[in-house]
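J.: Top line first, the protein sequences correspond to chains R and F.
With the numbering used here, letter number 57 in the first sequence gets 57, and the count goes up by one each step, no holes.
Position in the second sequence (from 1) plus 1000 gives the number in the numbering used here.
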Amino acid sequence: MPLVATRPEGYNLLVPTASPTIRVKVLFFGRLKEIVGRSEESVDLAEGAPIETLFARFGACHPELARYRGSLVASRNQEFAAWTTPLLAGDEVAFLPPVSGG
Amino acid sequence: MSIPSPKPTSPDAATTNAASSDLVLLVRDPIDPAALIRQVRTGADGAVVTFDGSVRNESHGRRTLYLDYEAYESMAVAKIREIAAALHEKFAIDRVAVAHRLGRLEIGETSVFIAVSAPHRPAAFDACRFAIDTLKRTVPIWKKEYFEDGAVWADGELPPAPANTSDTSTDTPIAKPAS
């Protein structure tokens, strides 16, 4: 929403605007899918929040998931991504357990 | 296994646009190795080297009944395509075909098949080895092993992740998973 355009005169521009809320898609595979009980979920969070924050949201609901944090890598839009990567609207995020294809 | 209609083979396919003739498939039906070999072999090649990964009947001394593979399919295809592109950069090869099976696989069935063609065999051997080694480290596919007394997700390999971009990373310490 164009909050800036509707600010009244004299609005204190030093006060940061709250980040808009975005929706991202989260995918679960392998044992994570079994822990969470589903393969996909939509999540609302603040724009620019890092992947780590998104994971923490699920870890809070699923303590067993949080235990696996050290053995997971994250992906954003089908690319491996650092946990600090900021998220944007429509992103597809996955937490990937160690891979065992072949 | 159905294979998309084969690309026309021209005599100079090996030099002009080899990567566009590469084939990457995730399949639920049995893999057809002969079809993949046909896909990569052209008149310019002196060798086709293949890797046939199959379902073994034991894991760490336990008798395996069957395996169940799942994938992050869109990312897995993209990652295998990256591997194929890397093969063309690193080795003097012609074409690459990779098929990985998903779903339930019985003992002895082919789970992954890789075929690499090249004018000369050293490049084909090296590229095929590089392809399977890289696939096992970086492609988001997982297998669950079923035994007589239970099932486990196989110990896998952690793909190399990008370093955190923030200097002020506040990773909370989290216990290692029980294994």
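Heads up, the beta-carbon is just placed ideally off N, CA and C, and yes, glycines get one too.
#1: On the DSSP letters alone, give me the boundaries of the beta strand (DSSP E) that His1120 (chain F) sits inside.
#2: By the DSSP assignment, the beta strand (DSSP E) with His1088 (chain F) in it spans what residues?
#3: For Asp1126 (chain F) and Lys1090 (chain F), I'd like the C-alpha separation in whole angstroms.
#4: Quick one: any contact between the region 1114 to 1131 of chain F and the region 74 to 85 of chain R, if contact means 3 or more CB pairs under 8 angstroms?
#5: How would you write the range of the beta strand (DSSP E) that Val985 (chain F) sits in, first residue to last?
#6: Skipping 5 residues on each side, what residues in its chain have a beta carbon closer than 7 angstroms to that of Leu65 (chain R)?
#7: Less than 9 angstroms separating the beta-carbons of Leu1141 (chain F) and His1100 (chain F)?
#8: Between the region 1050 to 1062 of chain F and chain R, which residues of the former have CB atoms less than 8 angstroms from a CB of the latter, in chain order?
#9: Determine the closest residue to Leu88 (chain R) out of R:Gly101, R:His62 and R:Leu45, with distance taken between C-alpha atoms.
#10: Three or more beta-carbon pairs under 8 angstroms between the region 1105 to 1117 of chain F and the region 1146 to 1154 of chain F, yes or no?
#11: At the level of alpha carbons, what is the spacing between Glu92 (chain R) and Cys61 (chain R)?
#12: Since Glu52 (chain R) is in the alpha helix (DSSP H), which residue starts that stretch and which ends it?
#13: Look at Lys1079 (chain F) and Val1139 (chain F) and say whether their C-beta atoms are less than 9 angstroms apart.
#14: Do Phe80 (chain R) and Arg69 (chain R) have their beta-carbon atoms positioned less than 9 angstroms apart in this structure?
#15: Over what stretch of residues does the alpha helix (DSSP H) that includes Gly30 (chain R) continue unbroken?
#16: Sort R:Ser100, R:Gly102, R:Ser71 and R:Trp83 by Cα distance to Gly48 (chain R) and report the nearest one.
#17: How many whole angstroms separate the CB atoms of Ala1131 (chain F) and Val1098 (chain F), which I take to be in contact at a CB cut-off of 8 angstroms?
#18: Pull up the distance between the alpha-carbon of Val1055 (chain F) and that of Glu1145 (chain F), whole angstroms please.
#19: Tell me which residues of the region 1073 to 1090 of chain F have at least one Cβ-Cβ distance to chain R shorter than 7 angstroms, keeping chain order.
#20: How many whole angstroms separate the CB atoms of Leu1067 (chain F) and Leu1025 (chain F), which I take to be in contact at a CB cut-off of 8 angstroms?
T.: With the structure as the only source:
#1: Looking at the DSSP string, His1120 (chain F) is not in any beta strand (DSSP E), and its letter there is neither H nor E.
#2: Unbroken run through His1088 (chain F) is the alpha helix (DSSP H), Glu1073 to Lys1090; no beta strand (DSSP E).
#3: Taking the straight line from one Cα to the other gives about 9 angstroms.
#4: Touching, no.
#5: An answer regarding residue 985 (chain F) cannot be provided, because it is not within the stretch 1001 to 1179 covered by chain F.
#6: So the list reads Leu32, Ile35, Val36, Phe58 and Gly59, once near-sequence residues are dropped.
#7: Correcting the residue identity first, residue 1141 (chain F) is Ile in this sequence and not Leu. By the CB criterion at 9 angstroms, Ile1141 (chain F) and His1100 (chain F) fall inside the cutoff.
#8: Listed in chain order, the positions of the region 1050 to 1062 of chain F with a beta carbon within less than 8 angstroms of a beta carbon of chain R are Gly1053.
#9: Comparing Cα-Cα distances from Leu88 (chain R) to each of R:Gly101, R:His62 and R:Leu45, the minimum goes to R:Leu45.
#10: No contact exists between the region 1105 to 1117 of chain F and the region 1146 to 1154 of chain F.
#11: Cα-Cα distance, rounded: 20 angstroms.
#12: Per DSSP, Glu52 (chain R) belongs to the alpha helix (DSSP H) from Ile51 to Cys61.
#13: It is a contact, given that the beta carbons lie within the stated cut-off.
#14: Their beta carbons are not under 9 angstroms apart, which means Arg69 (chain R) does not touch Phe80 (chain R) by this criterion.
#15: In the DSSP assignment, Gly30 (chain R) falls within the unbroken alpha helix (DSSP H) covering Gly30 to Val36.
#16: Among R:Ser100, R:Gly102, R:Ser71 and R:Trp83, the Cα nearest to that of Gly48 (chain R) is on R:Trp83.
#17: Beta-carbon to beta-carbon, Ala1131 (chain F) and Val1098 (chain F) are separated by about 7 angstroms, close enough to satisfy the 8 angstroms threshold.
#18: For the pair Val1055 (chain F) and Glu1145 (chain F), the Cα-to-Cα distance works out to about 10 angstroms.
#19: Listed by position, the residues of the region 1073 to 1090 of chain F near chain R (Cβ gap below 7 angstroms) are Ser1074, Met1075 and Ala1078.
#20: Contact doesn't hold; Cβ gap of about 18 angstroms is too wide.
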